[in-house]
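Participant: In my numbering, the protein residues as written are 60 to 167.
Even for Gly, the Cβ is constructed at its ideal location relative to N, Cα and C.
All values reported here derive from a predicted model rather than from experimental measurement.
Dumping the structure here so I can ask a few things about it.
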């Protein structure tokens, strides 16, 4: 009972302190480790950073390829429209020419 009276007053016996000392030291060590981890900047492992940079470079290269492809498709589509208009004009001219030729041969 004397031991329990001493802890009620907030005073620990030497035996109680000896029992709690390892726990207290572990707690302090854990607190120090947590503080170090908290203050440590987040780092990406070098191999993952390299992988991310390679992926980013591939994405940029693909974007450039897509831009070139888009430009080539636009140019091709424009030429296709231009050729279709020219073909239509030639057909109209040819039909008009055949019509005139046909009129001349029937009139003679």
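1) In angstroms, rounded to a whole number, what distance separates the CA positions of residue 122 and residue 150?
2) Which of the three DSSP states, helix, strand or coil, is assigned to residue 99?
3) When the Cα atoms are used, what is the spatial distance from residue 148 to residue 138?
4) Which value, in whole angstroms, describes the spacing of the CA atoms of residue 95 and residue 82?
5) Within 10 angstroms of the Cβ of residue 76, are there 16 or more other Cβ atoms? Answer buried if so, exposed if not.
6) Can you name, in chain order, every residue of its own chain whose Cβ lies under 7 Å from the Cβ of residue 78, other than the five neighbours on each side?
Facilitator: Working from what's here:
1) Taking the CA atoms as reference points, residue 122 sits about 41 Å from residue 150.
2) In the three-state DSSP reduction, residue 99 falls in the coil class, being neither helix nor strand.
3) In a straight line, the C-alpha of residue 148 is about 15 Å away from that of residue 138.
4) Rounded to the nearest angstrom, the two C-alpha atoms are 20 Å apart.
5) Result: exposed.
6) No residues qualify anywhere along the chain.
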